[in-house]
Amino acid sequence: MSTTKALPTLNTLVDQTKKILVTGGSPVSLRPPVETLPANLELEVTKNLKRHLKERTGLKHFYKTGEPPAEAVTAAVTMVTKLADKGVRVEKALNLSWLTLYDMAMLLDDSVSMGFEENAKDLDVLKGTVKTVSGIFQLSRSNPKEGITNVRFLNSRMFATNLKPGRVDSLFKGVEFQGETMIGGALYTKILQRYDYTKATKPLIVVVITDGEIEGERQDFLKTVIKEYAKKVNEFTSDENGAHSICYQFASLGSQDSTNSIIQALDDDETLGDFVDHMDKESLRILTSKDEKDSEARWIAATKLLLGPISSYYDARELNGEDGLATTDDTGLAAAKHKAAAEEEHEFEGDAGDDGDDDDW
Numbered sequence: 001m002s003t004t005k006a007l008p009t010l011n012t013l014v015d016q017t018k019k020i021l022v023t024g025g026s027p028v029s030l031r032p033p034v035e036t037l038p039a040n041l042e043l044e045v046t047k048n049l050k051r052h053l054k055e056r057t058g059l060k061h062f063y064k065t066g067e068p069p070a071e072a073v074t075a076a077v078t079m080v081t082k083l084a085d086k087g088v089r090v091e092k093a094l095n096l097s098w099l100t101l102y103d104m105a106m107l108l109d110d111s112v113s114m115g116f117e118e119n120a121k122d123l124d125v126l127k128g129t130v131k132t133v134s135g136i137f138q139l140s141r142s143n144p145k146e147g148i149t150n151v152r153f154l155n156s157r158m159f160a161t162n163l164k165p166g167r168v169d170s171l172f173k174g175v176e177f178q179g180e181t182m183i184g185g186a187l188y189t190k191i192l193q194r195y196d197y198t199k200a201t202k203p204l205i206v207v208v209i210t211d212g213e214i215e216g217e218r219q220d221f222l223k224t225v226i227k228e229y230a231k232k233v234n235e236f237t238s239d240e241n242g243a244h245s246i247c248y249q250f251a252s253l254g255s256q257d258s259t260n261s262i263i264q265a266l267d268d269d270e271t272l273g274d275f276v277d278h279m280d281k282e283s284l285r286i287l288t289s290k291d292e293k294d295s296e297a298r299w300i301a302a303t304k305l306l307l308g309p310i311s312s313y314y315d316a317r318e319l320n321g322e323d324g325l326a327t328t329d330d331t332g333l334a335a336a337k338h339k340a341a342a343e344e345e346h347e348f349e350g351d352a353g354d355d356g357d358d359d360d361w
């Protein structure tokens, strides 16, 4: 998203984070100390949530009074406390608690290239990203049984609801990597068509992770999907910022210049950029790093991934047809709808005996 305020790049922040001060030849630990929480945490959480609702004016469709619901405040207090215990700085923890106001969906790349042996590391990063995102997002839920609201794949009929970290490995075991990278078509048929903004009780953050070049649809189809859906939401809410109801984070596992440029153009778009963000491969690698020296950088990446679509501040931080959708040509929505209609989806239930640790992320 374009902004006139000069902000540090992610690479600069990472470089600053990774500087090692040497005392007698021994490196000082880069893990930040646990900060003291505000004396009246509930008050600070409430003020912070209200500030977010004031900034994202399009959310008044859900939060008409501008006041965060009591349930969100309670969940946010718990979330901030748990994040602080993990070494997250209080300011970041408070801002991550904005997630209590949202639901989340993920759309994951399962195209044939993801199954290639040479892309094994990318697959590990994909799994690690889903674990990290689900681990953070579960902290924002008032119900401990809840996780990421809806998880779908570009091609597979497998899907999951309320996904938490302990089920991620089992979920991927059931996925066969095949098909093309039709991001626009899959986004519309598998995520947006299933999100009824006329009945939804919370706005939605959509995280899309892909490794390949867009295939099987026009290069501009993704923009058409997002633009036309935003137009419909604005019309329904009678609010030019109603599109804040659905925000997008596109994270790239691949290095294809064409796909990255298409998504970056969405992020930089004067209108769409207000609710679209983009992260690159190196940022995802940092996000999933288990190296202690990357601890602070990891949380910088996490806040960028999760808050970039819903905050102009985090959006600006960098780590390294007019008639509607139904009229789009056969290489886009029509083909995707035909494909979806011919397949019967099945929800991933998971095997309780195979569940991992929901805290292992």
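In terms of full-length UniProt numbering, the sequence shown opens at residue 1 and continues consecutively.
The beta-carbon is built from N, C-alpha and C at its ideal position, and this holds for glycine as well.
_Option in Met106, Val175, Glu118, Glu117 with minimal Cα separation from glycine 147_ = Met106
*State yes or no: is the C-beta of valine 80 within less than 8 Å of the C-beta of leucine 41?*
Yes; because the gap between Cβ atoms is below 8 Å, this pair is in contact.
*Please report how far the alpha carbon of tyrosine 197 lies from the alpha carbon of leucine 101, in whole angstroms.*
When rounded, the distance between both Cα atoms is 15 Å.
*So, glycine 184 versus glutamate 217, is the Cβ gap smaller than 8 Å?*
yes
*Closest by C-alpha distance to glutamate 240, when choosing among Arg56, Asp211, Arg89, Ala75*: Arg56
*First and last residue of the uninterrupted alpha helix (DSSP H) at residue 367*: Any question about residue 367 goes unanswered here, given that the chain covers just 1 to 361.
*Quick check: the region 222-232 against the region 256-275, are there 3 or more CB pairs under 8 Å?*
yes
*Expressed to the nearest angstrom, what Euclidean distance is found between the alpha-carbon atoms of arginine 317 and leucine 307?*
10 Å
*Measure the alpha-carbon distance for phenylalanine 177 versus serine 156 and round it to whole angstroms.*
8 Å
_Those runs of the beta strand (DSSP E) which lie wholly inside the region 231-264 and span at least 3 residues_ = 246-252
*asked:* With DSSP as the reference, identify every bridge partner of arginine 157, one or two as the case may be.
replied: According to DSSP, arginine 157 bridges with nothing at all.
*Residues in its own chain within less than 7 Å of residue 362 by CB, not counting five upstream and five downstream?*
No answer is possible for residue 362: the residues shown for the chain start at 1 and end at 361.
*Within 10 angstroms of its Cβ, does glycine 273 collect 16 or more other Cβ (buried), or is it exposed?*
Buried, by the Cβ-count rule.
*Opening and closing residue of the beta strand (DSSP E) in which isoleucine 310 lies*: Taken as a continuous stretch (DSSP letters only), isoleucine 310 belongs to no beta strand (DSSP E), as it is neither H nor E.
*Please state whether DSSP places arginine 51 in a helix, a strand or coil.*
helix
*Out of Leu171, Val125, Gln138, state which residue places its alpha-carbon closest to the alpha-carbon of arginine 152.*
Leu171
*Cα-Cα separation, leucine 163 to asparagine 150*: About 8 Å.
*Between Cys247, Ser142, Ile136, Ala84, which lies nearest to isoleucine 191 when the distance is taken from Cα to Cα?*
Cys247
*Given serine 245, which residues of its chain have a CB within under 8 Å of its CB, disregarding the five upstream and five downstream residues?*
Excluding residues up to 5 positions away in sequence, Gly58, Leu59, His61, Phe62, Tyr197, Ala200, Pro203, Leu204, Val233, Thr237 lie with their Cβ nearer than 8 Å to the Cβ of serine 245 in the same chain.
*Buried or exposed by the 16-neighbour rule on C-beta atoms within 10 Å, applied to asparagine 143*: exposed
*Could you give the distance in angstroms between the alpha-carbon of valine 90 and the alpha-carbon of glycine 179?*
Spanning the two alpha carbons is a distance of roughly 43 Å.
*asked:* Counting C-beta neighbours from all protein chains within 10 Å, is the total for aspartate 103 16 or more, i.e. buried, or is it exposed?
replied: buried
*asked:* For serine 252, tell me which candidate among Tyr313, Glu44, Val125 has the shortest Cα-Cα distance.
replied: Val125
*Would you list, in sequence order, the uninterrupted alpha helix (DSSP H) runs of no fewer than 4 residues that lie entirely inside the region 165-202?*
168-173, 183-186
*In terms of residues, what are the limits of the alpha helix (DSSP H) holding valine 80?*
70-85
*Can you give the Cα-Cα distance for phenylalanine 250 and aspartate 122, rounded to whole angstroms?*
15 Å
*asked:* Under DSSP, the alpha helix (DSSP H) around alanine 93 begins and ends at which residues?
replied: Where alanine 93 is concerned, the enclosing alpha helix (DSSP H) stretches over 90-96.
*Using the Cα positions of phenylalanine 275 and leucine 154, report the straight-line distance between them to the nearest angstrom.*
21 Å
*Does the beta-carbon of aspartate 277 have 16 or more other beta-carbons within 10 angstroms, so that it is buried, or is it exposed?*
buried
_For the alpha helix (DSSP H) containing isoleucine 286, name the first residue and the last one._
281-287
*Can you tell me which of Leu94, Ala93, Glu117, Gly128 puts its alpha carbon nearest to the alpha carbon of leucine 108?*
Gly128
*Given proline 68, which residues of its chain have a CB within under 6 Å of its CB, disregarding the five upstream and five downstream residues?*
Excluding positions up to five away in sequence, the list reads Leu49.
*How far does the beta strand (DSSP E) with aspartate 103 in it reach, from first residue to last?*
103-108
_Considering just the uninterrupted stretch of the beta strand (DSSP E) at valine 112, what are its terminal residues?_
First-last for valine 112: undefined, no H or E at that position.
_Tell me the residue span of the beta strand (DSSP E) that contains threonine 210._
204-210
*Just confirm the distance between the C-beta atoms of valine 168 and lysine 131, as a whole number of angstroms; I'd bet it's less than 8 Å.*
5 Å
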